[in-house]
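Q: Got a structure here, written out as structure tokens. Questions coming.
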Amino acid sequence: MLYPFYAAFVEREHGWLLLFSALFGLTALGSPGFIPDLIGDIVAEASVARLIAGLPEIAVQMLLFSWLLVRWERRSYRDAADEAIA
638 MLYPFYAAFV EREHGWLLLF SALFGLTALG SPGFIPDLIG DIVAEASVAR
688 LIAGLPEIAV QMLLFSWLLV RWERRSYRDA ADEAIA
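Position one of the sequence shown corresponds to residue 638 (the numbering used here), numbered consecutively onward.
In structure tokens form, the structure reads like this:
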């Protein structure tokens, strides 16, 4: 699903941040369980706090994954370009 945007992630300076935004939006905020639970638990504030407590963990994991993946892909992308020149 994200492969058509591969060049945008690898070639842009802040492509890892773009990848993070896409992944975080699709997994954390776009999950079918998050939005209905949030709306249903608005009355009980303790439940909302418990529901949102996992978001920082998800965000840190996604940031690290996005940064490492783009860094890895840039290295292989650069190495392939160097081999083509040589």
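The C-beta atom is built at its ideal place from N, Cα and C for all residues, glycine as well.
All values reported here derive from a predicted model rather than from experimental measurement.
Determine the DSSP secondary structure at Leu660, reduced to helix, strand or coil.
A: Reduced to three states, the DSSP call for Leu660 is helix.
Q: For Gly652, which of helix, strand or coil comes out of DSSP?
A: Here Gly652 sits in helix by DSSP.
Q: Between Met699 and Leu660, is the Cβ-Cβ spacing less than 8 Å?
A: Yes, they are a contact pair.
Q: Based on Cα-Cα distance, which residue from Arg708, Glu648, Thr664, Ser703 lies nearest to Leu692?
A: That would be Thr664, whose Cα lies nearest to the Cα of Leu692.
Q: Could you round the C-beta distance between Leu656 and Leu706 to whole angstroms and report it? I think they count as a contact, below 8 Å.
A: Right, their Cβ atoms sit about 7 Å apart.
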